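Heads up: the structure comes next, in structure tokens.
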Amino acid sequence: MASEEQIEFIITQYRQSCPHTFWKKNDTTNVGLGAVIRCLMKHDGKATSGQISEEMNVSTARVAALLKKMEQRGWLVREKDATDKRITLVKLTSEGMAIGVTMRKNIRQQIATLIDEIGVEKLMDFMETRAKIFELVDHSKFWLH
1 MASEEQIEFI
11 ITQYRQSCPH
21 TFWKKNDTTN
31 VGLGAVIRCL
41 MKHDGKATSG
51 QISEEMNVST
61 ARVAALLKKM
71 EQRGWLVREK
81 DATDKRITLV
91 KLTSEGMAIG
101 VTMRKNIRQQ
111 IATLIDEIGV
121 EKLMDFMETR
131 AKIFELVDHS
141 KFWLH
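For the sequence shown, UniProt numbering assigns the number 1 to the initial residue and increments by one for each residue that follows.
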């Protein structure tokens, strides 16, 4: 049975080797919604839209569209910062937080299954190879210009 330490290690290593694909799903809107929830949970359930934009490495316009959709679904609310009324904070509602907890639980279960079936060493070898491939492709050594 995979330990919590092994699960966390694999998640961290995988995120570092391919952060843009870690949470990818078929529906890109849901990917964005999930990324916003994860970002907010990382910041104790609240952050500014600018912080979210920076962390997700997407435009503030994209974040604004995602936040609007999430607000309509009842997953978050916007409120003024208590110490600086010029700042608007985005906060997860209890429903949004529950979705985030479920997402985290599901990914941890999936990683635990991978560890149990494949093993930490083989997963690490895979991620190192994958990271090297991405690095080479990103540097365009293989492509004609």
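Every residue gets a Cβ at the ideal spot worked out from N, C-alpha and C, and that includes glycine. Computed from a prediction, not measured in an experiment: that's the story for all the values here.
Fully contained in the UniProt domain "HTH marR-type" (1-135) are the following beta strand (DSSP E) runs of length 3 or more, in chain order: 46-48, 76-80 and 88-92. LEU33 and GLN16 have their C-alpha atoms roughly 21 Å apart. Ranked by Cα distance from GLY74, the options ILE10, LYS91, ALA35 and MET124 are led by LYS91. In this structure, the CA atom of VAL137 is about 46 Å from the CA atom of THR83. Taking every protein chain shown into account, the CB of ALA98 has fewer than 16 other CB atoms within 10 angstroms, so this residue is exposed. Around the CB of SER94, fewer than 16 other CB atoms lie within 10 Å, so the residue is classed as exposed. Looking at ASP44, GLU128, GLU79 and LEU66, the one whose alpha-carbon comes closest to that of SER53 is LEU66. Here VAL63 is buried: its Cβ has 16 or more other Cβ atoms, across all protein chains shown, within 10 Å. Measuring C-alpha to C-alpha distances from GLN6 to each of GLU79, LEU123, THR129 and GLU135 identifies LEU123 as the nearest. By the neighbour-count definition (other C-beta atoms within 10 Å, threshold 16), ALA61 is an exposed residue.
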